[in-house]
Amino acid sequence: MAISFSLSELVALTVESFFFGIYFVLLGSNIKLLLYKRKEISSAGTLLWLTGILGILITWHILTDAVRLVNAFKADKVPSGPDLFYANVTSSLSLIKTSLYLIITVIYDAFILHRCWIVWDRKTLVILLPFLVFLADIGLSTLSTADTVFLQKQERITKAFFSSTVAVNGLCTLLIAYRLWTRQYTVHDSRKAFGFTKEAAIMAESGAIYSTTLIIIIATYATKSNSFNVFLDMACPIIGIAFSLIVFRLGANATDPTHISMKGMEEPLPDEHRSAVGSMVKESAAV
Numbered sequence: 000m001a002i003s004f005s006l007s008e009l010v011a012l013t014v015e016s017f018f019f020g021i022y023f024v025l026l027g028s029n030i031k032l033l034l035y036k037r038k039e040i041s042s043a044g045t046l047l048w049l050t051g052i053l054g055i056l057i058t059w060h061i062l063t064d065a066v067r068l069v070n071a072f073k074a075d076k077v078p079s080g081p082d083l084f085y086a087n088v089t090s091s092l093s094l095i096k097t098s099l100y101l102i103i104t105v106i107y108d109a110f111i112l113h114r115c116w117i118v119w120d121r122k123t124l125v126i127l128l129p130f131l132v133f134l135a136d137i138g139l140s141t142l143s144t145a146d147t148v149f150l151q152k153q154e155r156i157t158k159a160f161f162s163s164t165v166a167v168n169g170l171c172t173l174l175i176a177y178r179l180w181t182r183q184y185t186v187h188d189s190r191k192a193f194g195f196t197k198e199a200a201i202m203a204e205s206g207a208i209y210s211t212t213l214i215i216i217i218a219t220y221a222t223k224s225n226s227f228n229v230f231l232d233m234a235c236p237i238i239g240i241a242f243s244l245i246v247f248r249l250g251a252n253a254t255d256p257t258h259i260s261m262k263g264m265e266e267p268l269p270d271e272h273r274s275a276v277g278s279m280v281k282e283s284a285a286v
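Below, the structure is given as structure tokens:
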């Protein structure tokens, strides 16, 4: 049975709060990690700034959703009051919420694109396609106006924006995972059967979680289901979680540059491989 727009917003805030709680714990851990290891991680300052900016924006987003919910149900003195409130997509709170989501998305897409470029030894040609899609992503985000999400003139733009975001994350995640897997394969051939290193795995898993969320957003939007609101609102804290997991892995790698981790197996490398692995990890930690 279809749920009303106002009820979907209530469910959306509940789900968003759950994921925000997870993100908030990771946020605190990452800030502590980056401050503690700021001398060991070459880009700790930049990562700390990004962590702080995303933290502020994601917190602002959920607070905006909470204020909108309170204001909506204050309007319940008339029939369909909350639904009428949410239907006003030109209100200042609606504009703020939409703008925050777009900014958070673009920041994360830029971060994952930059990670891909670093991991591939700054080879611009490798990331050319994801970069072109990212430019389209930025352009489409600027075209996303405050009109209702189901207006015909906005439907194609909105679908294209979500699709471009999926494409950027999917391409970059695959490129990063492939690069780290091939480097591990080259450095320690006897372990090739164990697959990804922990860093490759965490990047692939983070990208997969966010990309899956985006695909569900596109599907619910295309079917004009009110459950679209639930998945759209949870996207912001999920972006924060994905970002935090990657940063945490970068910080963990900075601790022991002579250690490589496999799924289900951890042990120090032989001396002859230490310098090669150290080089690989330094490359991974430079953002």
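Quick note, in numbering that gives the first Met the number 0, the sequence shown goes up one by one and the last residue is 286.
Even glycine gets a Cβ: it sits at the ideal position worked out from N, Cα and C.
* What span of residues does the alpha helix (DSSP H) with Lys-73 cover, start to end? -> 43 to 73
* Can you name the start and end residues of the alpha helix (DSSP H) that Glu-15 belongs to? -> 4 to 35
* Report the rounded CA-to-CA distance for Gly-239 versus Gly-80, giving the unit in angstroms. => A direct Cα-Cα distance of roughly 33 Å separates Gly-239 from Gly-80.
* **Trp-116 - containing alpha helix (DSSP H), residue span** => For Trp-116, the uninterrupted alpha helix (DSSP H) segment begins and ends at 91 to 118.
* Distance between Lys-122 and Phe-149 (C-alpha atoms, nearest Å) -> Reliability of the predicted coordinates at Phe-149 is poor, the pLDDT of 46 falling under 50, and the value obtained from them is presented with this limitation in mind. Going by the C-alpha atoms only, they are around 40 Å apart.
* Exposed or buried, Ile-111, counting other C-beta atoms within 10 Å across all chains shown (16 or more means buried)? -> Sixteen is the threshold: when 16 or more other Cβ atoms of the shown chains lie within 10 Å of the Cβ of Ile-111, as they do, the residue is buried.
* To do: Could you tell me if Leu-12 is buried or exposed, where buried requires 16 or more neighbouring beta carbons within 10 angstroms of its beta carbon?
  => buried
* Asked: Should Thr-50 and Leu-26 be called a contact, given that it needs their Cβ atoms to be closer than 8 Å?
  -> yes
* Would you please state the rounded distance, in angstroms, between the beta carbons of Ser-210 and Val-165? I believe it to be under 8 Å. => 6 Å
* Asked: Is it buried or exposed for Thr-157, if we count other Cβ within 10 angstroms and need 16 for buried?
  -> buried
* Considering only residues of the same chain and omitting the five flanking positions on each side of Ala-218, which have a CB-CB separation below 8 Å? -> Answer for Ala-218: no residue qualifies.
* To do: Count the other C-beta atoms from every protein chain shown that fall within 10 angstroms of the C-beta of Gly-206, then say buried if there are 16 or more, exposed otherwise.
  => buried
* Among the residues of its own chain, which have a CB less than 8 Å from the CB of Glu-204, if the five just before and after it don't count? -> Leu-244
* Thr-290 - DSSP class collapsed to helix/strand/coil -> Nothing can be reported for residue 290, as the shown portion of the chain is limited to 0 through 286.
* To do: Return the CA-CA distance between Val-66 and Ile-52, expressed in angstroms with no decimal places.
  => 21 Å
* Compare the Cα-Cα distances from Thr-222 to each of Cys-235, Pro-236, Glu-154, Asp-232 and report the closest residue. => Glu-154
* **Same chain, Cβ closer than 7 Å to Met-202, five either side skipped, listed in chain order** => Within the same chain, Thr-172, Ile-175, Ala-176, Ile-245 come within 7 Å of Met-202 by CB-CB distance, once the 5 residues on both sides are set aside.
* Lys-288 - DSSP class collapsed to helix/strand/coil -> Outside the shown range of the chain, which is 0 to 286, sits residue 288, and nothing can be said about it.
* Mapping DSSP to helix, strand and coil, what is Val-125? -> coil
* Asked: For Asn-228, is the classification buried or exposed, using 16 other Cβ atoms within 10 angstroms of its Cβ as the cut-off for buried?
  -> buried
* For Leu-47, I'd like the list of residues in its chain whose CB is within less than 8 Å of its CB, leaving aside the five on either flank, ordered along the chain. => Spatial neighbours of Leu-47 in its own chain (CB-CB distance under 8 Å, excluding positions within 5 residues in sequence) are listed in chain order as Ile-30, Leu-33, Leu-34, Arg-37.
* To do: For my contact list, Ile-103 and Ile-57 are in at a C-beta cut-off of 8 Å; report their separation, rounded to the angstrom.
  => 6 Å
* To do: Could you check how far apart the C-beta atoms of Trp-59 and Leu-9 are, in whole angstroms? I think they sit under 8 Å.
  => Contact annotation, Trp-59 with Leu-9: C-beta distance approximately 20 Å; criterion of less than 8 Å not satisfied.
* Below 8 Å between beta carbons: does that hold for Ile-214 and Ala-234? -> no
* To do: Grab me the residues of Val-14's own chain with a C-beta within less than 8 Å of its C-beta, minus the 5 sequence neighbours each way, in chain order.
  => Val-229, Asp-232, Met-233
* Through-space distance from Arg-114 to Ala-135, alpha-carbon basis -> A straight line joining the alpha-carbon of Ala-135 with that of Arg-114 spans about 19 Å.
* Quick one: grab the DSSP three-state call for Val-88. => If DSSP states are grouped into helix, strand and coil, Val-88 belongs with coil.
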